[in-house]
């Protein structure tokens, strides 16, 4: 039986807070815009610095790697100290990293910068914990689905970077493009002030007096705490993986123009993920979550196999965008599982986000290895198909979930005192 800490759930649930929801969504969108910068820069770095496609894929992989590493402590801190404080400090740290970006010169300098910009991706964990703390479980799927539309920030970041490089900065100035970093730093610092002064934590926040050992105990509570991140590995990993690799893949394999790959094809991917997040959350509030996920992951498995066949650019784009639409809804449904089974939403969200970001890093590295060792991307995409099939198996068979009750079911069956 899972240790879901039902007693902490007995406090009255808050009814919701639209202001926190929309400010968190805006801040998350900005964080993801910053996270999308290096994916947009990758094709241009090949031209400017003569990096290989493998090198820029590794650069693009550094952001999700650090996001994975930092997501777990950020989730724990959000549970312990509240989303308002942690998100504010994260935004301040991001603005400092962006200013330091103007100093990057060597490949290793870009590696370090790309790593630290992973903070932008980790903003999801803090916002997710903050929003969920303000909404009752009956509405959390919808609220978190709306919050997750902030994924579209990647599109904003990629299109802004491409527009600035191709239309604003002097092409004869080799360092003019570096102004991108302070251009992003200013609104990030402004957003930190907005978050600090215009949001709040719920007055009955149940975890503020919880010890760190109690929060960490959730990771030893049973198999479900690891299965949920496993499902999120595939659902959210779809966005991270393809947003990081799609520009380089389209340019290198299909000879798509770099500007078109960055400013057209990849933003469409991100929009597809974002627009179905609210739908996935809405469905998860109303129907059996694992049944919904089994359908979604089943379709995603078929599309992933089609993608690996690399038949034509048109079919490839069909598979990628189909995966994106389904993964957006699936990610929202997986996130709904967290408050269903756990009180420590930030801690488990951090673990899930770490898994999703780690998937982005792992699959980007696998795709780079496939290109380097095999001369193509087929092996990497077939490995991705196997991961989708594994997610389908877990959701369809309900392995690990069969004997575990959600928190509300345990609370309803508990004797009154």
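Numbering (the working numbering), first residue to last: 4 to 420. By construction, the Cβ of each residue, glycine as well, lies at the ideal position given by its N, Cα and C atoms.
Would you identify the three-state DSSP class for residue i, choosing helix, strand or coil?
i, result
"residue 258", "coil"
"residue 109", "coil"
"residue 251", "helix"
"residue 85", "coil"
"residue 143", "helix"
"residue 342", "helix"
"residue 133", "helix"
"residue 66", "helix"
"residue 288", "helix"
"residue 13", "Bear in mind that a pLDDT of 43 at residue 13, under 50, signals an unreliable position, so the number given afterwards is only what the model happens to contain. Residue 13: helix per DSSP, three-state reduction."
"residue 102", "helix"
"residue 374", "helix"
"residue 268", "helix"
"residue 407", "coil"
"residue 120", "coil"
"residue 214", "coil"
"residue 301", "helix"
"residue 369", "helix"
"residue 138", "coil"
"residue 54", "coil"
"residue 202", "coil"
"residue 59", "helix"
"residue 337", "helix"
"residue 169", "helix"
"residue 279", "coil"
"residue 197", "helix"
"residue 420", "Reliability fails at residue 420, whose pLDDT of 47 lies under 50, so the model's placement of it is uncertain and the value that follows must be treated cautiously. In this structure, residue 420 counts as coil in the three-state DSSP scheme."
"residue 22", "helix"
"residue 348", "helix"
"residue 160", "helix"
Use the C-beta contact count for residue i: other C-beta atoms within 10 angstroms, 16 or more gives buried, fewer gives exposed.
i, result
"residue 376", "exposed"
"residue 344", "buried"
"residue 207", "exposed"
"residue 205", "buried"
"residue 258", "exposed"
"residue 378", "exposed"
"residue 229", "exposed"
"residue 254", "buried"
"residue 391", "buried"
"residue 219", "exposed"
"residue 44", "buried"
"residue 170", "exposed"
"residue 98", "buried"
"residue 127", "buried"
"residue 50", "exposed"
Measuring only the C-alpha atoms, how far is residue i from residue j?
i, j, result
"residue 357", "residue 120", "15 Å"
"residue 232", "residue 331", "15 Å"
"residue 8", "residue 216", "Because the pLDDT of residue 8 is 44, which lies under 50, any placement of that residue in the model is unreliable, and the question is left without a value."
"residue 18", "residue 138", "6 Å"
"residue 404", "residue 101", "43 Å"
"residue 57", "residue 290", "43 Å"
"residue 251", "residue 33", "23 Å"
"residue 238", "residue 191", "28 Å"
"residue 373", "residue 385", "10 Å"
"residue 69", "residue 224", "26 Å"
"residue 256", "residue 158", "22 Å"
"residue 285", "residue 131", "16 Å"
"residue 314", "residue 308", "11 Å"
"residue 21", "residue 52", "46 Å"
"residue 93", "residue 122", "7 Å"
"residue 16", "residue 201", "21 Å"
"residue 117", "residue 407", "40 Å"
"residue 152", "residue 203", "21 Å"
"residue 287", "residue 23", "22 Å"
"residue 278", "residue 380", "28 Å"
"residue 103", "residue 141", "43 Å"
"residue 149", "residue 261", "31 Å"
"residue 168", "residue 282", "35 Å"
Indicate, with yes or no, if the ligand SAM has a heavy atom lying under 6 Å from the CB of residue i.
i, result
"residue 272", "Because no ligand of any kind appears in the structure shown, any question about the ligand SAM cannot be addressed here."
Using 8 Å for Cβ pairs, my map puts residue i next to residue j. What's the rounded Cβ distance?
i, j, result
"residue 355", "residue 235", "4 Å"
"residue 280", "residue 335", "5 Å"
"residue 271", "residue 324", "7 Å"
"residue 74", "residue 342", "About 17 Å; that fails the 8 Å criterion."
"residue 304", "residue 188", "Not a contact, Cβ separation roughly 41 Å."
"residue 276", "residue 339", "About 16 Å separates the two Cβ atoms, so there is no contact after all."
### Task
Spell out a yes or no on whether the segment 48-61 and the segment 137-145 are touching, meaning 3 or more CB-CB pairs, one atom from each, closer than 8 Å.
Between the segment 48-61 and the segment 137-145 there are fewer than three inter-stretch CB-CB distances shorter than 8 Å, so the stretches are not counted as touching.
### Message
Counting beta carbon pairs with one atom in the segment 346-355 and one in the segment 75-88, are three or more of them shorter than 8 Å?
### Response
In short, these stretches touch, since the Cβ pair count reaches three.
### Query
Any contact of the segment 264-272 with the segment 152-162, i.e. 3+ C-beta pairs under 8 Å?
The segment 264-272 vs the segment 152-162: in contact.
### Touching by the beta-carbon criterion (3+ pairs, under 8 Å), the segment 24-39 and the segment 304-323
Counting Cβ pairs under 8 Å, fewer than three are found: no touch.
#### Entry: Given 8 Å, three or more beta-carbon pairs between the segment 194-205 and the segment 25-34
The segment 194-205 makes contact with the segment 25-34, as at least three CB pairs between them are under 8 Å.
### Segment contact, 8 Å Cβ cut-off, at least three pairs: the segment 98-117 with the segment 246-257
No, the segment 98-117 is not in contact with the segment 246-257.
### Task
Report yes or no: do the segment 389-401 and the segment 292-309 share at least 3 C-beta pairs separated by less than 8 Å?
The segment 389-401 is in contact with the segment 292-309.
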